[in-house]
Amino acid sequence: MKDLFTPFQLKGLELKNRVVMPPMCQYSVTNIDGIATDWHYVHYVSRAIGGAGLIIIEMTDVDPDGRITDYDLGLWSDDHVPAIARIVEACHQHGAKVAIQIAHAGRKAEDAEVPVAPSPIPFDENSKTPKELTIDEIKQMVHKFKSAVERAVKAGVDAIELHGAHGYLIHQFQSSFTNKRTDEYGQDLTRFGKEIIQAAKSVMPSKMPLIMRISAIEYVEGGYGLKESVEFSKIYKEAGVDMFHVSAGGEGQIAAHGRPGTHAAYQVPFAREIKEKLNTPVIAVGRLDEPSLANAVIGNEEADLVAVGRGMLRNPYWTLEAAAKLNKETVVPKQYSPSFPTK
């Protein structure tokens, strides 16, 4: 039977285990230039030392005004590549593979003077009213995603994740709650996402997987539910997505912030549904910090990989601790081996 420490392979991506560090914004860029700092280096490399199989670098934006805040990472310039490459190379030295989440915040870009969106609807009463993107601007945005993916590949990443969840720009286009357009990007809510997927695939090596993070349920009146997310995921799979990272929320209340989502593994049923209906690999995420629970998700074949967010923020060595608790074989750095049980 499969467990949390069974190796996993998808196309050219080979993982030593099924533990994923999901993307979590650090808001730690110091010069507001989008370039990764020593904080990011230590943050990610310590999780590689701690045994994670796949590390997904936080939301990294395709445009300066596409950041949630001015302290987020960017990949809109070649100047960003060396710092990301440094992180990737070091993580590889410790046996972890690295993906990076490529994104644009859309109307949730707090520090943009004029945020952009599919429709001029502010995120909430405290947010700026975004500018509605023109057709030409949408085409330019797709190209920005393509260029950022190309730079990520140049930096040596092992996989790309597109952020189509949590109320950011791709999500805004695929939701009738935020997309009120009457043109082709409103008539087909998946068109923007499809174009980005196809653009990304055009500059990715053929054996490199493309992951897409989605919100399976919006948790807002008038938003979409699981039935709709299954359908748009089928379209995205056909366009080129190789794996889905299944989260929820983003419009109104982001689930992980408290309501709903107050119980362990609350999003696992969504991941299982996407996996079964699409016959495609998925990453489960959401309150899976307990090793026996994370292990059960894999053993029960509800998901192929398990993302551990807050647990790994608290403890960079979560994966090594999980192996010890589950009595599983894993490689412990020799410098730390005296503190772990031997068989």
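In numbering that gives the first Met the number 0, the protein residues as written are 0 to 342.
Cβ coordinates follow ideal geometry from the N, Cα and C atoms, glycine included.
Rounded to whole angstroms, what's the CA-CA distance from residue i to residue j? Just pull it up for me.
i, j, result
"ARG17", "PHE269", "18 angstroms"
"GLY257", "GLU217", "Annotation note: pLDDT 46 at GLY257 (below 50); position unreliable, coordinate value reported separately. Taking the straight line joining both Cα atoms gives about 14 angstroms."
"GLY308", "ILE55", "11 angstroms"
"VAL296", "GLY50", "19 angstroms"
"ASN30", "ALA102", "20 angstroms"
"VAL156", "ASP123", "35 angstroms"
"TRP75", "ALA82", "13 angstroms"
"LEU188", "PHE172", "6 angstroms"
"MET203", "ASP241", "12 angstroms"
"SER27", "ALA306", "22 angstroms"
"LYS233", "ARG212", "14 angstroms"
"LEU14", "GLY192", "27 angstroms"
"TYR335", "ASP110", "42 angstroms"
"ALA199", "HIS91", "23 angstroms"
"VAL41", "VAL97", "14 angstroms"
"LEU12", "ALA95", "11 angstroms"
"LYS236", "LEU9", "14 angstroms"
"VAL281", "ASN125", "35 angstroms"
"PHE4", "TRP38", "28 angstroms"
"MET207", "ALA158", "6 angstroms"
"CYS24", "GLU57", "5 angstroms"
"GLU220", "SER228", "16 angstroms"
"PRO114", "LEU132", "10 angstroms"
"HIS142", "ASP64", "15 angstroms"
"SER45", "ALA35", "15 angstroms"
"GLU88", "GLY52", "15 angstroms"
"ILE137", "PRO315", "39 angstroms"
"LEU72", "ALA147", "12 angstroms"
"ALA283", "ILE273", "10 angstroms"
Which term fits residue i, buried or exposed, when burial requires 16 or more other beta carbons within 10 angstroms of its beta carbon?
i, result
"TRP317", "buried"
"ARG313", "exposed"
"ASP62", "buried"
"PRO22", "buried"
"MET20", "buried"
"PRO290", "buried"
"SER205", "exposed"
"THR59", "buried"
"GLU160", "buried"
"ILE48", "buried"
"THR329", "buried"
Who are the near neighbours of residue i in its chain, counting only those whose CB is closer than 7 angstroms to its CB and skipping five residues on each side?
i, result
"HIS170", "GLY163, ALA164, SER214 and GLY249"
"LEU292", "ALA263 and ALA264"
"LYS107", "ILE67, PHE122, GLY166 and TYR167"
"VAL331", "LEU319 and PHE339"
"ASP77", "ARG150"
"ASP69", "ILE31 and ASP110"
"ALA247", "SER214, ALA215, ILE216, TYR218, ALA254, GLN266 and PHE269"
"ALA238", "LYS193, ILE196 and GLN197"
"TYR43", "ILE54, ILE56, ILE86 and CYS90"
"ASP2", "ASN294, ILE297, GLY298 and LYS327"
"PHE144", "VAL61, ILE101, ILE195, ALA198 and ALA199"
"GLN186", "none"
At what residues does the beta strand (DSSP E) containing residue i begin and finish?
i, result
"GLU57", "53 to 60"
"GLY310", "Run containing GLY310: none in the beta strand (DSSP E); it sits in the alpha helix (DSSP H), 309 to 313."
"HIS244", "242 to 246"
"VAL284", "281 to 284"
"GLU13", "12 to 14"
"GLN8", "7 to 9"
Can you list, in chain order, the residues of its chain with a C-beta nearer than 6 angstroms to that of residue i? Leave out the 5 residues immediately preceding and following it.
i, result
"GLY285", "TYR265 and GLN266"
"GLU301", "VAL267 and ARG271"
"GLY105", "ALA116, TYR167, LEU168 and GLN171"
"LYS226", "none"
The alpha helix (DSSP H) that contains residue i, what's its start and end?
i, result
"MET140", "134 to 153"
"ARG271", "267 to 277"
"ARG190", "190 to 202"
"GLY185", "183 to 186"
"ILE234", "225 to 238"
"LEU319", "317 to 325"
"ALA295", "290 to 298"
"LEU209", "From DSSP, LEU209 is part of no alpha helix (DSSP H) but of the beta strand (DSSP E) over 209 to 214."
"ILE169", "168 to 173"
Beta carbon of residue i: closer than 8 angstroms to some heavy atom of the ligand ZN?
i, result
"LYS206", "Ligands in the displayed structure: none, and consequently the ligand ZN is not present."
Which same chain residues end up closer than 8 angstroms to residue i when comparing Cβ atoms and leaving out the 5 residues on each side of it in sequence?
i, result
"MET0", "GLY298"
"VAL80", "LEU74, ARG150, LYS153 and ALA154"
"THR350", "No information on residue 350 is available, as it lies outside the stretch 0 to 342 that the chain covers here."
"LEU287", "ALA263, ALA264, VAL267, ALA293, VAL296, VAL305, ALA306, VAL307 and GLY310"
"ASN178", "PRO117, SER118, GLN171, PHE172, TYR184, GLY185 and LEU188"
>> Extract the residue ranges of the beta strand (DSSP E) inside the region 45 to 132, only unbroken runs of 3 or more that lie entirely within it.
In response: 53 to 60 and 96 to 102
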